[in-house]
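Encoded as structure tokens, the structure appears first; notes follow it.
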Amino acid sequence: MAPRTQRRSVALRTISTPLILAALLVAFALVAWASGSRPFNQTVIDIFLQVIFVVGLYVFVGNSGVISFGHIAFACLGGYVAAWTTIKPMMKGISMPGLPDWLMQLEIPFWAAALAGGAFAAFWALVFGAVLMRLSGIAASIATFAMLAMVNSIYSNWESVTAATSSVVGIPILRVLWPYLVAAILAVFAAWAYSISRHGLALRAARDEPTAAAASGIDIPRARLIAFVISGAIMGAGGALYAHSIGLVTPDTYYLGLTFTTLSMLVVGGMSSLSGAVLGVLILSSLIQALRWLEAGIDIGTTTFALPGGVQEIALGVVMIAILMFRPAGIMGNKELTWPTGRGNDKPGEPGETN
Amino acid sequence: MGSVMQVVFDAASLGSLYALGALGIALIFGVMRLVNFAHGDVIAACVFVLLWPSVDAVAIVFAGNLPWFLLVPFVLAMGAALSVASEVVVFRRFRNANPATMMIASFALGFVIRYFLLMLYSSRPKSISLLPTLSQPVEIMGARIPLLQVITIVVTIGVLFGLTSFLRRTRFGLEMRAAAENFTMARVLGVRANRVIMGAFALSGALAAAIALILGSQTGTANIVMGANVMLMAFIATVIGGMGSLAGAVIAGFLLGAIAVVMQVILPPDARAFRDAFVYGAVILVLIFRPQGLLTARGTKERV
Amino acid sequence: MKRVIAVLAASTCLGSAAFGDDDRIVVGFATAETGFMQAYDKPAQDAAMIRIAEINEAGGLLGKQIEVVNADTKTDRAEGAKAGLSVIDAGADIVVVSCDYDFGAPAALTAESSGLISFFLCAESIKAGIQGVGPNSFSASVLAPVQGATMAQWAYEKKEARSFYRLLDTWTEYNKGICDGFDYMLPQLADATLVGEDTFLNEDASIAAQITRIKGLPEEPDAIMLCTMMPGAVSAIKQLRAAGINSMILNGSGVDGSYWLSAVPDLSNFYTPVQGSIYGDDPNAEVTAFNAKFKEATGGDPSTQYTYPGYVMIDVWAKAVERAGTTETAAVVAELEKMNAEPTLFGPRTFTSELHHQNQARYLIVETNAGKPGVVDEWTISAPIPVADLMK
Amino acid sequence: MSDLHADKVSVAFAGLRALSEVDLTVSSGQIVGLIGPNGAGKTTLVNVLTGFQTPTEGAVTLDGQRLSGLKPNLLRRRGIARTFQGGRLFRDLPVIDNLEVTGVGLGQSRRAAIAEAEAMLEWVGIAPLASRIAGTLPYTDERRVAIGRALMGRPKYLLLDEPAAGMSGQEAADLSALIRRIAGEMGCGVLLIEHNVGLVLNLCDHIVVLDSGAVIETGPPAQIRDSETVRHAYMGTATDTDLPVLEVGA
């Protein structure tokens, strides 16, 4: 019995997963840096933003098992916080005259806007979550979608504060790769830390066996709410950074398109695995990029080979279906990436360990 | 009196559209536990079969020129065929997958259909003149309403009655109802799973085609994203109706249509733009108070 | 941190390499080659290519041939930013961006931050210019409010319309712009009244409730100001007529074209402002000649008036470059801002240091009668819409 | 003396009465048996006592305090634990984590929960299984894990839903010993639902017999053993009852 009491702490046993994932992200960043191409750099920035979104989504969806169609609403909230807090006061006065005075005068750096975006989104996640987390299954999914649609409808029409459907420009553009890399790595570590926390463990137990979890003293709505707020914060920060990556926000950017992209990446990667969330982004994004290059045309010898327009999307859809056919639980299933020699094959469903 | 009747007709015709959509979603959900996101794209595809593939701004009419008694069955058959094909090619391989996986697979399939249409027809919305005689106003009980609205309502009621008696009276319908309630049990009892599922897909596809015909003649437009909105509303109706309950889906569809129309009527001008926020707020309220849906399908509540 | 600086330095070097290249003049198109914006971008871009070909045939610009580089925005904002960077890295001297403000802005912002001129192919929001993207950004089209104001004043003066109904599709900024112009003009028309207003959404499957409200009026309004765009416009028009409402319908330029008229057979009493006529009846014969040239180059007639701004854009930019004697941004912008009623094939164009857009323009009025569109009149609003009113 | 009490509890499902005016009391350190034929309403009563089912009429009280209406997780925090017929272990998690989940569910940190879980596995006698994935365990071990999980945080009451189903005589005897220790060493009040009537008669201080949702007999084992009512209503024939009694008694 002696070895039992000397188990390494959960954090030590599972730390390899976020480290490997961070290393992967760093590798992507170095490739982009080495290439020196600005469009490619921007592509990798996009990938990092997707990583933030999908990891944020994973925190809730992966641990609770409840599919959320609503998380992009938090990205929207965060994106507009970036607009409210970083655009020059004069420009804000023109595009969003209804802002309160203190906000109108505010001009903060991008990282502070990301934090504020995360906090604002977390606050609304708490408000919405307090109502929605009592629901389960598909009713919960639809309720989260209704939340997204509500946020979208409000932001698309609240002329004086969000400039309605019009693009709000003037957000300082940040075209350097590293802040996005840092943010993506932070998101990965935040998700990992949540997963191994007691709240994460309780929520995963409730996901697999809700009845027994309730009989174990777990307050399921509360456990879900905690995950909802944390993932809302990550999405909010990601939404703010997204605004800085292209320099503008519109409600439309944060709606169905992004919702389905992020959900697809999560499910294809493996819904209940942090590694799956990150790999889903990296693999699908790389695939999309490769198809785009093909579509733009590449020279093979003297002939140019190019795919006709639309083929890229069709191919993407077909590949997604094929992956799900052969791996219905996603590329990673519920496994995590770990050191190949690592012990600890005793805890699946928890980052850092394999079955 | 006339204006009240008018609102009732407006609500009923929009509700009909959502109810038909919800029925198409609920049928497949019943037998497969699949939320079919490709449904909206099947609707769009059904409109485009009327046109000859071309990327020009002007639509080249193809089947759209047929007389109505050929055109309607043709479109219904195309919808059913496309839907069944999606079952055979894709969904059959997902019978044992979890709902999230199926949902994303259906979304990916919808994506493929949409971009296939884009390749053939371009993304530019095209105008079509579908059943133009329906665009005439008629007078009913003091309300002057477009003939199409009346036909939409009548068709929906007809479809509901037809489907009900089909499910009640025929052996096939019985099998389908049994499967919707408890698929594993139904299989044990000898229900032919493939046949039932294909039947559900065929019916669902035909319903999508019916929506396509209504939408097409109402809006005069063929647009590759035209099914998305109805699909979303139908999906919501299916859930608040009680997943798996066909009657619930229909009732909820009508309810959603009514909420949307009534909001448009009663909200002050400044708030009207926020109509959808109110509609979705109402959806959340319904879910909070009836998380199992308006009509709970038997066997969906988990037992301890 | 050092690495961050290194990257910054590296990207700046790249940028200046592009600026320093003086042997050629490059027009960069960061426009949609796929996705739904393609339908709007391609015709305007084709028209721009025609003007570029004309200039090159006539000996080029500043004695150099104009080269073209393309990057696809895929009708996606994030891709738009990338496309902007791509054409800038390929040495573009001017970045031409998508027709729509929302979809063109990301690429225009990259141009702005690289100190380059950006030109929207046909955006009609004031933000597609100084007030939004920045001091080096222009649009080749006319502001949407001018369209709404033009139609209101013309209908009042020429058609004796007195009672107006305002039906707004809140989907886009463009739609709201049309109604803003209408709102600006209406109070200036003595004894004209707004008898009601309503909103809808472009994607609404049915606008029956909105129609019921119109029918609830004691009298059918003389004119309905319909602020919407494709594809919802067809649906709204069809449903209005199907409900038996026969008021004249006033629109923005977004509904120009005959390609959709089959959906509303025998449409009448329907009016649209256009910069030039695609129907072969433009009062300016050169427009008809351009239409022929367009057909020769692309194999089809222009399908809407949004083809024309692309031609105007290259035209005015090339003139400014010629006058400045350089493609250097500040000099070209200065020359553009000197243009006052500069004649172009599609009406005079004015740019000032306050506004890189047209707040007054000559419009042809196209009436559709029994399903046949044709030019019936031309109208220029009596005074430019003040910038302050445009910024509301 | 503290007790868990069902006070005239009735439950109706869509007009059907699953329980009618059932009275039942479990006190600290006491082992109460709940027996009755299939469909008698035993599990429904456990569900009522643990918050999974709200009684249509009547109430559940703990030391005189009314509990009905509270959610299961709150009742668990008040010290009322249960096991399930189907086991309902967290199948993908290792055994130790199954226990740990209850620890964190009760508000412990993971570190504290792991420490208690390890001690608890030792106490229940299944420490070597700690790293096994719960879903791969044999039947008997599953029951012990479930009991261990329910004992985390030292509940005041433990409701066991058919813990001995499918066990051999020896296994059932080991289980009996464990249940005695739970009542004796932990001072936990135990409510035992069991089909193995012999085990119940042998182990319990007090027995309640349910039939068709109503209490038909209650009293010490000797009284139940001799009750004609029970014999008649519950077993149908006398011979069936004797078998298990003899088996365990031997």
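Residue numbers (this note's numbering), protein chains in the order written: chain A, 2 to 356; chain B, 2 to 305; chain C, 176 to 567; chain D, 6 to 255.
Where is the CB? At the ideal position from N, CA and C, for every residue including glycine.
- When secondary structure is reduced to three states using DSSP, D/A117 falls in the helix class.
- For C/C354, no beta strand (DSSP E) run applies; the uninterrupted alpha helix (DSSP H) run containing it begins and ends at 348 to 360, by DSSP.
- Fewer than three pairs of CB atoms, one per stretch, sit closer than 8 Å, so the region 124 to 138 of chain A makes no contact with the region 199 to 207 of chain A.
- Nearest neighbour of C/F294 by Cα position, chosen from C/T447, C/V487, C/F465, turns out to be C/V487.
- Out of D/G63, D/F57, D/L156, the CA that lies nearest to the CA of D/E190 is found in D/L156.
- With contacts defined by Cβ atoms closer than 8 Å, B/L83 and B/V48 do not form a contacting pair.
- Remark: C-beta atoms of C/A506 and C/A499 approach each other more closely than 8 Å.
- In this structure, D/G218 and D/G46 form a Cβ contact; the two beta carbons are roughly 4 Å apart against a cut-off of 8 Å.
- In the DSSP assignment, C/S293 forms a beta bridge with C/V270, C/S312.
- Straight-line spacing of the CA atoms in D/D179 and D/A170 works out to 13 Å.
- Boundaries of the alpha helix (DSSP H) around D/I229: 226 to 231.
- Residue-level contact by beta carbon holds for A/L136 and chain B, with a gap shorter than 8 Å.
- Chain-ordered, the chain B residues with CB closer than 8 Å to the CB of A/I143 read F236, I237, V240, I241, V284, L288.
- For A/V268, a Cβ of chain B is located within less than 8 Å of the residue's own Cβ.
- Runs of the beta strand (DSSP E) spanning 3 or more residues and lying entirely within the region 136 to 176 of chain A do not occur at all.
- In this structure, the beta-carbon distance from C/F469 to C/T479 does not fall below 8 Å.
- No Cβ-Cβ contact shorter than 8 Å links A/G57 with A/A83.
- The beta-carbon of C/Y276 is placed less than 8 Å from the nearest beta-carbon of chain A.
- Excluding its 5 nearest sequence neighbours in each direction, C/S443 has C-beta neighbours in its own chain below 6 Å: N544, A545, listed in chain order.
- Following the DSSP letters along the chain, one finds C/Y215 inside the alpha helix (DSSP H) bounded by residues 213 to 232.
- In the three-state scheme derived from DSSP, where H, G and I count as helix and E and B as strand, A/E296 is classed as helix.
- Following the DSSP letters along the chain, one finds C/V201 inside the beta strand (DSSP E) bounded by residues 200 to 206.
- Under the 8 Å criterion on CB atoms, A/S167 is classed as interfacial with respect to chain C.
- The C-beta of C/M326 has 16 or more other C-beta atoms within 10 Å across all chains shown, which makes the residue buried.
- Here A/T163 is buried, its C-beta having at least 16 other C-beta atoms within 10 Å.
- Runs of the alpha helix (DSSP H) spanning 4 or more residues and lying entirely within the region 111 to 179 of chain D occur at 115 to 129, 144 to 156, in chain order.
- Listed along the chain, the chain D residues whose CB falls inside 8 Å of the CB of A/E210 are R93, L94, F95, R96.
- Between A/M321 and A/G271, the CB-CB gap reaches or exceeds 8 Å.
- For C/N544, the enclosing beta strand (DSSP E) has its first and last residue at 537 to 544.
- Across the structure, A/L50 and B/G249 are spaced so that their CA atoms are roughly 40 Å apart.
- For C/P448, there is no enclosing alpha helix (DSSP H); the residue is part of the beta strand (DSSP E) that begins and ends at 445 to 449.
- Excluding sequence positions up to five before and after D/C209, its CB lies within less than 7 Å of the CB of I36, V37, G38, L197, P226, all in the same chain and listed in chain order.
- Per the coordinates, the alpha-carbon of B/F38 lies some 24 Å from the alpha-carbon of A/N64.
- The Cβ atoms of A/I16 and A/I235 lie no closer than 8 Å to each other.
- Under the three-state reduction of DSSP, D/R71 is assigned to strand.
- It is roughly 43 Å from the alpha-carbon of D/L165 to the alpha-carbon of B/F92.
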